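**Student:**
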Amino acid sequence: MVLLDVSSIIFRLRGGLELTCQLDSTDGPSVQQTLSEAFRRLCSKIRSESLVFSVRNSHILIWPNKGVHIIPDEVTENTPCKDIQHHIQAEENDSGKKSFKKKDKKGTTTSVINIDLMMEMTEPSHLSAPTLTRRNRKQHSVRMTLPMDCVASVPTDDNIGAVSGRLVGALCDQLADMEKVVLQHMKGTSLLLPQPLHFLLPEPAGLVTAVYPAGVPDSRLEFVRKELHGRFELPDDRPCFRRANAFHFPDEPYKDGYLRNPHTAVNLPTMENAKPYLVQGVYSYHHYMQDRMDDNGWGCAYRSLQTVCSWYQQQGYVDREVPSHREIQQALVDVGDKPAAFVGSRQWIGSIEVQVVLDQLLGVTSKILFVSQGSDLASKGRELANHFQAEGTPIMIGGGVLAHTILGVLWSETTGQIKFLILDPHYTGGEDLQLITDKGWCGWKGPEFWDKNAYYNLCMPQRPKTI
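Note that the sequence shown covers residues 1 to 467 in the UniProt record's numbering.
1. With a Cβ-Cβ cutoff of 8 Å, do residue 284 and residue 304 count as a contact?
2. Closest to residue 231 by CA distance: which of 347, 62, 356, 209 is it?
3. From residue 15 to residue 43, what distance separates their C-alpha atoms?
4. Rounded to whole angstroms, what's the CA-CA distance from residue 27 to residue 188? Just pull it up for me.
5. Give me, in chain order, the residues of the same chain whose beta-carbon lies closer than 8 Å to that of residue 143; leave out the 5 immediate sequence neighbours on both sides.
6. Helix or strand or just coil, what does DSSP make of residue 232?
7. As a quick exercise: from 114, 166, 37, pick the residue whose alpha carbon is nearest that of residue 250.
8. Please state whether DSSP places residue 428 in a helix, a strand or coil.
9. Nearest-angstrom Cα distance between residue 450 and residue 399?
10. Give me the residue from 201, 169, 215, 427 with the minimum Cα distance to residue 297.
11. Kindly indicate which residue of 374, 22, 198 has the alpha-carbon position closest to the one of residue 446.
12. Could you please give the first and the last residue of the uninterrupted beta strand (DSSP E) stretch that includes residue 325?
13. Rounded to the nearest angstrom, what separates residue 7 and residue 163 at their Cα positions?
14. Any contact of the segment 450 to 462 with the segment 362 to 371, i.e. 3+ C-beta pairs under 8 Å?
15. Below 8 Å on the Cβ atoms is my contact criterion, and I expect residue 53 with residue 167 to pass it. Report the Cβ-Cβ distance as a whole number of Å.
16. If we count the other Cβ atoms within 10 Å of its Cβ and call it buried at 16 or more, is residue 387 buried or exposed?
17. Compare the C-alpha of residue 379 against each of 406, 413, 347, 181 and name the closest.
18. Would you mind giving the Cβ-Cβ distance between residue 196 and residue 216, rounded to the nearest angstrom? I have them listed as a contact below 8 Å.
19. Specify the secondary structure class of residue 56 as computed by DSSP and reduced to three states.
20. Look at residue 198 and residue 241 and say whether their C-beta atoms are less than 8 Å apart.
21. Please name the residue or residues paired with residue 198 in a DSSP beta bridge.
22. For residue 348, which option in 10, 372, 301 has the closest C-alpha, if you only look at C-alpha atoms?
23. Could you tell me which residues DSSP pairs with residue 277 in its beta bridges?
24. So, at 8 Å on beta carbons, what are the nonlocal neighbours of residue 476 in its own chain, with the 5 sequence-adjacent residues on each side left out?
25. How would you write the range of the alpha helix (DSSP H) that residue 355 sits in, first residue to last?
26. In whole angstroms, give me the CA-to-CA distance for residue 118 and residue 78.
27. Under a three-way DSSP split, which group does residue 204 fall into?
28. Verify whether the separation of the beta carbon atoms of residue 266 and residue 411 is less than 8 Å.
29. CB-CB under 7 Å to residue 120, same chain, minus the five flanking residues each way: which ones, in chain order?
30. With 16 other CB atoms within 10 Å as the buried threshold, where does residue 111 fall?
31. Beta-carbon separation of residue 307 and residue 437 under 8 Å?
32. By DSSP, does residue 419 sit in helix, in strand, or in coil?
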């Protein structure tokens, strides 16, 4: 998983820009020329002294093209970015009072400074009488609000003047990308809204922005993603620029309420000559009693399967939602693995059923690793390490009456010592990351965690080879 440097600050600039023009002709080249002129006018506007940046939840206003003029006076273009945070207030609390934002206790979250894009509407000028002109001819009027969304990830010691300049440049670059998208997908006078999305790539690329046409599915944008993969020298066997891969800003909660990647809050154990091999990408933690579903005592494998499905969804391999217990059961009935009465029951499933459902609902193939007794799991370090290195998917493991999710291993090739990173679906509480990690519902376990006399089947989902 690629992470941002915690010593950096993300400046995120958002706002709508009105693209307006009159089309005298519906001829393709004429429409393109008129639209291009409209985009150029917007770029000139962005570079004018009327452009204003308003830092949210603060009194800071920045005129980046007016000698980096800033209000209040104690903030100047040489002020370090980290000092801006002292001027930012939290949202109003229940009592109507505002409180200043507190820093993250562990200091592990990258700060995000949100900025609103604004324009001065009036400028000093000489008063003159208005002039009206009447033209009798048919025209097509174009009006589109462009959803500008630019980011700059900068070291905390960079100054405000430099960041403001970067954001102005990013706005003009994004306008150029939007123009390209609008013209490429234009049909007559029908225009698609350009949609900017941000993606976190391995260094040195870092946080980059791509513009896609809204409403066009990922399946029709493969040529665009191939070009982006080539530009940033990314592998062509896994998605990096699908919409589901878009960067999730740390100051925005997930709307579905599930925890993402709780293992990142767990410390790595100390083990001599050992190397960690971990799940790659983002998944949701699914466990007992979620979704208003009382599956305590029988649904652990369903929940582990849901965690695996969430990984494929959030990496952009599939569009469908994480399946419910009933949908999982219906899939097993549809392939003839279970009788019709299985749907709506409280019957367990195991690793083989998980393999069948992944194939039926997601089109994903899986390998099954059979272990005759739990004591043998300690000797499977190489197989597990290879899986997480090559595939990077969560592993569902079932043994006896229990199922768990393996998110990684800490393994020494020289000594054979191993620890397993376990996500436990038997948890019945709320989405409390502190409690989940402190109580070991997500944590590192030694070989003694497994029942040495029970047999285990590991469902090891494979990663599709696609952009």
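Every residue, glycine too, gets a C-beta built ideally from N, C-alpha and C. Note that the structure is a prediction, hence the values are computed from the model and not measured.
**Tutor:** Well, looking at it:
1. Here residue 284 refers to the residue found at position 284 when the sequence shown is read from its first residue. Here residue 304 refers to the residue found at position 304 when the sequence shown is read from its first residue. No, Cβ-Cβ distance for residue 284 and residue 304 is not below 8 Å.
2. Here residue 231 refers to the residue found at position 231 of the sequence shown. The residue with the shortest Cα to Cα distance from residue 231 is 209.
3. Your numbering for residue 15 matches position 15 in the sequence shown. Your numbering for residue 43 matches position 43 in the sequence shown. Taking the straight line from one Cα to the other gives about 14 Å.
4. Taking the first residue of the sequence shown as 1, we reach residue 27 at position 27. Taking the first residue of the sequence shown as 1, we reach residue 188 at position 188. For residue 27 and residue 188, the distance between alpha carbons rounds to 8 Å.
5. Residue numbering aside, residue 143 sits at position 143 when the sequence shown is read from its first letter. Excluding residues within five positions, the ones whose Cβ falls inside 8 Å are 18, 19, 20.
6. Position 232 of the sequence shown, counting from 1, holds the residue named residue 232. The answer is coil: DSSP assigns residue 232 none of H, G, I, E or B.
7. Position 250 of the sequence shown holds residue 250. Nearest of 114, 166, 37 to residue 250, Cα basis: 114.
8. In the sequence shown, the residue the question calls residue 428 occupies position 428. Residue 428 falls in the coil class under three-state DSSP.
9. For the purposes of this step, residue 450 is identified with residue 450 of the sequence shown, where counting begins at 1. For the purposes of this step, residue 399 is identified with residue 399 of the sequence shown, where counting begins at 1. One C-alpha to the other measures close to 9 Å.
10. Locating residue 297 in the sequence shown gives position 297, counting from the first residue. Looking at the Cα atoms, 427 is the closest of the given residues.
11. One-based indexing of the sequence shown puts residue 446 at position 446. It is 374.
12. The residue labelled residue 325 in the question sits at position 325 within the sequence shown. That residue, residue 325, is in no beta strand (DSSP E); its alpha helix (DSSP H) goes 325 to 334.
13. Your numbering for residue 7 matches position 7 in the sequence shown. Your numbering for residue 163 matches position 163 in the sequence shown. Cα-Cα distance, rounded: 16 Å.
14. yes
15. Sequence index remark: in the sequence shown, residue 53 carries index 53 (1-based). Sequence index remark: in the sequence shown, residue 167 carries index 167 (1-based). Confirmed, about 7 Å.
16. The residue given as residue 387 occupies position 387 in the sequence shown. Buried is the call here.
17. Taking the first residue of the sequence shown as position 1, residue 379 is located at position 379. The candidate whose alpha carbon is nearest that of residue 379 is 413.
18. Here residue 196 refers to the residue found at position 196 when the sequence shown is read from its first residue. Here residue 216 refers to the residue found at position 216 when the sequence shown is read from its first residue. In fact, because the Cβ distance is near 14 Å, the residues do not count as touching under 8 Å.
19. Mapped onto the sequence shown, residue 56 falls at position 56. It is coil, neither helix nor strand.
20. Taking the first residue of the sequence shown as position 1, residue 198 is located at position 198. Taking the first residue of the sequence shown as position 1, residue 241 is located at position 241. No, the pair does not count as a contact, with Cβ atoms beyond the cut-off.
21. Your numbering for residue 198 matches position 198 in the sequence shown. 209, per the DSSP bridge assignment.
22. For this step, residue 348 is matched to residue 348 along the sequence shown. For residue 348, the nearest C-alpha among the options comes from 301.
23. The count along the sequence shown starts at 1 and reaches residue 277 at position 277. In DSSP, residue 277 forms a bridge with 409.
24. Only positions 1 to 467 of the chain appear in this structure, which leaves residue 476 out of reach.
25. Taking the sequence shown and counting its residues from 1, one reaches residue 355 at position 355. Taken as a continuous stretch (DSSP letters only), the alpha helix (DSSP H) holding residue 355 covers 351 to 357.
26. Here residue 118 corresponds to residue number 118 of the sequence shown, with the count starting at 1. Here residue 78 corresponds to residue number 78 of the sequence shown, with the count starting at 1. Rounded to the nearest angstrom, the two C-alpha atoms are 22 Å apart.
27. For the purposes of this step, residue 204 is taken as the residue at position 204 of the sequence shown. Coil, per DSSP.
28. Position 266 of the sequence shown, counted from the first residue, corresponds to residue 266. Position 411 of the sequence shown, counted from the first residue, corresponds to residue 411. No. Outside cutoff.
29. Counting from one through the sequence shown, the residue named residue 120 turns up at place 120. Answer for residue 120: 50, 52, listed in chain order.
30. Along the sequence shown, read from residue 1 onward, the residue named residue 111 stands at position 111. Buried is the call here.
31. Counting from 1 along the sequence shown, the entry for residue 307 is found at position 307. Counting from 1 along the sequence shown, the entry for residue 437 is found at position 437. It is not a contact, given that the beta carbons lie outside the stated cut-off.
32. Taking the first residue of the sequence shown as 1, we reach residue 419 at position 419. Three-state DSSP puts residue 419 in a strand.
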